[in-house]
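To start, the structure itself, in structure tokens.
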Amino acid sequence: MNRFIRWYNQNQKSFWKVIGVIILIILLIQLINYYFKSENERENKKIDNTNHSNSISNKYNNLRVDDKNSVLSGNEISSSQEEQINIIDTFVDYCNKGEVENAYQLLTDECKQEMYPQLDNFINSYYNETFANSEKDASVENWTGNIYKVQIHENMLATGKYSKETTKQDYITVIETEDEQYRLNINGYIERDEINKSKEDKQIKMTVKYTDTYMDYAKYTIEITNNSNQTISLDDRANVESMYIRDDNGNHYPAYTHEINSAELQVSPRETKEVTIKYYSKYGSTKDINRLVFSKMILNYGAYEIFENKSLFNDYGVFEIEI
Numbered sequence: 077m078n079r080f081i082r083w084y085n086q087n088q089k090s091f092w093k094v095i096g097v098i099i100l101i102i103l104l105i106q107l108i109n110y111y112f113k114s115e116n117e118r119e120n121k122k123i124d125n126t127n128h129s130n131s132i133s134n135k136y137n138n139l140r141v142d143d144k145n146s147v148l149s150g151n152e153i154s155s156s157q158e159e160q161i162n163i164i165d166t167f168v169d170y171c172n173k174g175e176v177e178n179a180y181q182l183l184t185d186e187c188k189q190e191m192y193p194q195l196d197n198f199i200n201s202y203y204n205e206t207f208a209n210s211e212k213d214a215s216v217e218n219w220t221g222n223i224y225k226v227q228i229h230e231n232m233l234a235t236g237k238y239s240k241e242t243t244k245q246d247y248i249t250v251i252e253t254e255d256e257q258y259r260l261n262i263n264g265y266i267e268r269d270e271i272n273k274s275k276e277d278k279q280i281k282m283t284v285k286y287t288d289t290y291m292d293y294a295k296y297t298i299e300i301t302n303n304s305n306q307t308i309s310l311d312d313r314a315n316v317e318s319m320y321i322r323d324d325n326g327n328h329y330p331a332y333t334h335e336i337n338s339a340e341l342q343v344s345p346r347e348t349k350e351v352t353i354k355y356y357s358k359y360g361s362t363k364d365i366n367r368l369v370f371s372k373m374i375l376n377y378g379a380y381e382i383f384e385n386k387s388l389f390n391d392y393g394v395f396e397i398e399i
């Protein structure tokens with residue numbers, strides 16, 4: 077023991093240097109092991125994700141699934157969403173085969189009514205622009221919920237070429253009908269929501285019947301009954317901010333005033349009239365529109381019409397309805 081103490085006293089600096097090197101080597105080995113373990117886990121996860129996406133894609137004839145997770149929510153595609161993708165695949169398959177009537181029948185009644193009331197409308201405005209002349213491939217990813225971002229492009233095996241210029245991007249929404257069948261809203265049309273909220277004020281009754289939501293805007297269909305003895309106008313069209321919808325955060329979304337003529341906004345005495353107004357309101361899954369506002373309603377259009385300097389007219393009413 078004395079001999080060890082004497083040796084230690086003579087070599088303690090060297091001793092602790094050796095101990096320090098050994099500890100450093102052990103820590104370095106642990107760090108390297110941790111790094112490679114993390115890399116292996118990441119690579120395995122990447123392979124799993126790729127295999128999962130490939131396994132989903134292999135279920136379809138015309139579609140490639142770009143990602144197994146939703147773009148907005150990040151949630152993994154569920155089995156019910158895989159079924160929804162299947163109906164999109166069937167739609168693309170019908171279009172590729174030129175079976176346009178079968179493809180048309182996969183659209184919801186609302187989509188037909190809004191965009192393609194006749195088969196010829198669908199052929200001329202959608203099929204000919206997207207699928208005619210050559211077979212197409214498509215890639216799909218879940219945008220959020222039942223909405224899918226679809227890229228439709230040339231079949232490289234058939235044409236030997238690929239061009240971004242000829243790629244069509246669409247947003248397709250899959251709707252489950254009352255008889256538990258899947259149907260499609262295409263070309264950026266999201267859905268129709270029945271509202272049926274009414275308000276009566278100043279001898280005017282207004283009912284917001286329903287809204288049609290698109291990716292880039294929204295359209296509200298409104299029924300107005302004028303019980304007064306004067307022609308009214310919903311707006312004078314002088315200010316784009318005066319007709320708007322409002323969300324629960326107080327944000328205003330004005331109407332496409334330039335797409336509405338004055339006659340559409342006028343309602344004669346004792347007349348009931350239906351009007352559809354388009355608003356600058358992009359689709360948002362968390363947006364809650366709760367008010368529709370006409371802040372410059374003309375309650376006596378006859379007086380307004382003969383007013384020489386319209387900019388000085390100030391006999392306006394405000395009509396606001398909660399939806």
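Read in order, the letters of the sequence shown are residues 77 to 399 in the numbering used here. Just so you know, even glycine gets a beta-carbon here, dropped at the ideal spot from N, CA and C.
Ser210 versus Asn385, Cys187, Thr243, residue with shortest Cα-Cα distance: One-based indexing of the sequence shown puts residue 210 at position 134. For the residues Asn385, Cys187, Thr243, the minimum Cα distance to Ser210 belongs to Thr243.
So, is Val226 buried or exposed, given that buried needs 16 or more other C-beta atoms within 10 angstroms? For this step, residue 226 is matched to residue 150 along the sequence shown. Buried, since its Cβ has 16 or more Cβ neighbours within 10 Å.
Give the range of the beta strand (DSSP E) segment to which Asn325 is assigned. Against the sequence shown, residue 325 aligns to sequence position 249. Here Asn325 belongs to no beta strand (DSSP E), and DSSP marks it neither H nor E.
9 Å Cβ cutoff met for Ile300 and Val351: As a first step, residue 300 must be located in the sequence shown, where it is residue number 224. As a first step, residue 351 must be located in the sequence shown, where it is residue number 275. Yes, the pair counts as a contact, with Cβ atoms nearer than the cut-off.
To the nearest angstrom, how far is it from the Cα of Phe395 to the Cα of Asn261? As a position in the sequence shown, residue 395 is number 319, starting the count at 1. As a position in the sequence shown, residue 261 is number 185, starting the count at 1. Rounded to the nearest angstrom, the two C-alpha atoms are 33 Å apart.
Given a cut-off of 9 Å, decide if Thr249 and Ile271 are closer than it, judged by their beta-carbon atoms. Along the sequence shown, read from residue 1 onward, the residue named residue 271 stands at position 195. Along the sequence shown, read from residue 1 onward, the residue named residue 249 stands at position 173. It is not a contact, given that the beta carbons lie outside the stated cut-off.
Report the rounded CA-to-CA distance for Asn145 versus Gly264, giving the unit in angstroms. Counted from its first residue, the sequence shown places residue 145 at position 69. Counted from its first residue, the sequence shown places residue 264 at position 188. Rounded to whole angstroms, Asn145 to Gly264 spans 21 Å at the Cα level.
Identified DSSP bridge partners for Lys295: Within the sequence shown, the letter at position 219 stands for residue 295. Lys295 is bridged to Asp288, Lys354.
Those residues which DSSP pairs with Met282 across a bridge: For the purposes of this step, residue 282 is identified with residue 206 of the sequence shown, where counting begins at 1. Lys275, Ile300.
Here's a check: name, in chain order, each residue in its chain whose Cβ is nearer than 7 Å to the Cβ of Tyr392, leaving out the five neighbours to either side. On the sequence shown, position 316 is the one that residue 392 refers to. Same-chain partners within the cutoff: Lys372, Met373, Ile374.
Cβ pair Thr287, Asp269 closer than 9 Å: Within the sequence shown, the letter at position 211 stands for residue 287. Within the sequence shown, the letter at position 193 stands for residue 269. Their beta carbons are under 9 Å apart, which means Thr287 touches Asp269 by this criterion.
What is the residue span of the beta strand (DSSP E) that Glu398 lies within? Here residue 398 corresponds to residue number 322 of the sequence shown, with the count starting at 1. Segment 392-398, the beta strand (DSSP E) holding Glu398.
Buried or exposed: Gln257, going by 16 or more other Cβ atoms within 10 Å of its Cβ? As a first step, residue 257 is located in the sequence shown; it is residue number 181 there, counting from the start. Burial call: exposed.
Leaving out five residues on either side along the sequence, give the residues of the same chain with a beta carbon under 8 Å from the beta carbon of Gln279. Stepping through the sequence shown from its first residue, residue 279 is reached at position 203. The answer, listed in chain order, is Asn302, Asn303, Ser304.
Can you tell me which residues form a DSSP beta bridge with Leu139? For this step, residue 139 is matched to residue 63 along the sequence shown. According to DSSP, which records beta bridges pairwise, Leu139 is partnered with Ala214.
Under the three-state reduction of DSSP, which class applies to His128: helix, strand or coil? Against the sequence shown, residue 128 aligns to sequence position 52. Confidence at His128 is low in this model, with a pLDDT of 44, below 50, so its placement is unreliable and the value that follows should be read with caution. Note: His128 maps to helix in three-state DSSP.
Taking 9 Å as the cut-off, decide whether the C-beta atoms of Tyr202 and Gln160 are in contact. As a first step, residue 202 must be located in the sequence shown, where it is residue number 126. As a first step, residue 160 must be located in the sequence shown, where it is residue number 84. It is not a contact, given that the beta carbons lie outside the stated cut-off.
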